[in-house]
Amino acid sequence: MVLEFPLIGANYSLNSGFRRDRLGPVLFDAAVFILSSDTDGIFIGLGMALWKGMKMAWKLLFLAGIFEVVWAIGLKYTDGFSRLWPSVGTIAAMGISFFFLSVSLKTLPIGTAYAIWTGIGAVGTAILGIFLFQELVSFPRLFCIGLIVAGIAGLKLTSS
Numbered sequence: 001m002v003l004e005f006p007l008i009g010a011n012y013s014l015n016s017g018f019r020r021d022r023l024g025p026v027l028f029d030a031a032v033f034i035l036s037s038d039t040d041g042i043f044i045g046l047g048m049a050l051w052k053g054m055k056m057a058w059k060l061l062f063l064a065g066i067f068e069v070v071w072a073i074g075l076k077y078t079d080g081f082s083r084l085w086p087s088v089g090t091i092a093a094m095g096i097s098f099f100f101l102s103v104s105l106k107t108l109p110i111g112t113a114y115a116i117w118t119g120i121g122a123v124g125t126a127i128l129g130i131f132l133f134q135e136l137v138s139f140p141r142l143f144c145i146g147l148i149v150a151g152i153a154g155l156k157l158t159s160s
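So for the sequence shown, full-length UniProt numbering puts the first residue at 1; every next one is plus one.
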């Protein structure tokens, strides 16, 4: 299977999700995330392209935020860390999230990076809570989630 991205001039051949000549797949909870350094972009899953010229620190911060969502949702499945495999997956996601965050902090300001990291985690967890656990969907709740997204965007746009 070949994924084509004509807007950025990139093609990716997927052989069961594995690329030997790239950074390679990171497997977590039956999801394959394909990380690639081609055209200075990262492609996740089935090819969602992130910003082509985005600096690596921001890419790592985004991944840290995604793994924060994974471990936050994972906490629900651990049943107080009494279930082995959900607990192992949750702890692994915590470690990956903290690792990506710490590497991104080599170049990003701590206040901005931490706020964006927690914002991605809060928004992602709230949205998945709605879909996975039938949590309340109301205008005030969605409005507040929107405010967090606006704050994340504002911090990214105003940072150097």
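No residue lacks a Cβ here, since even glycine has one placed at the ideal position from N, Cα and C.
Review point. By how many angstroms is the C-alpha of S102 removed from the C-alpha of A93?
Key: In the sequence shown, residue 93 corresponds to position 93, counting from 1. In the sequence shown, residue 102 corresponds to position 102, counting from 1. Between A93 and S102, the C-alpha separation is close to 14 Å.
Point to revise | Straight-line gap, I73 to F139 (C-alpha atoms, nearest Å) | key: Taking the first residue of the sequence shown as 1, we reach residue 73 at position 73. Taking the first residue of the sequence shown as 1, we reach residue 139 at position 139. If I take the Cα positions, the gap works out to 23 Å.
Review point. So what's V149 in DSSP terms, helix, strand or just coil?
Key: Within the sequence shown, the letter at position 149 stands for residue 149. Of the three classes helix, strand and coil, the one that applies to V149 here is helix, per DSSP.
Exercise for review: Take I120 and list the residues in its own chain whose beta-carbon comes closer than 6 Å to its own, dropping the five residues that flank it on each side.
Suggested key: By one-based count along the sequence shown, residue 120 stands at place 120. Excluding residues within five positions, the ones whose Cβ falls inside 6 Å are G65.
**Study point:** As assigned by DSSP and simplified to three states, the class of T118
**Key:** As a first step, residue 118 must be located in the sequence shown, where it is residue number 118. Three-state result, T118: helix.
Check your understanding: So is I96 buried or exposed if we call it buried at 16+ other beta carbons inside 10 Å?
Key -> Translated into the one-based positions of the sequence shown, residue 96 becomes position 96. I96 comes out buried.
Check your understanding: Taking contact to mean at least 3 C-beta pairs separated by less than 8 Å, is the region 120-139 in contact with the region 78-91?
Key -> no
Practice item. Might you give, ordered along the chain, the residues of its own chain that have their beta carbon closer than 7 Å to the beta carbon of F67, omitting 5 neighbours on each side? Key: Looking up residue 67 in the sequence shown gives position 67. Result list for F67: A93, I96, S97, F100, in chain order.
Practice item. Could you tell me if A122 is buried or exposed, where buried requires 16 or more neighbouring beta carbons within 10 angstroms of its beta carbon? Key: Numbered from 1 along the sequence shown, position 122 holds the residue referred to as residue 122. Buried, by the Cβ-count rule.
Review point. Does DSSP classify E68 as helix, strand or coil?
Key: For the purposes of this step, residue 68 is taken as residue 68 along the sequence shown, with counting starting at 1. Reduced to three states, the DSSP call for E68 is helix.
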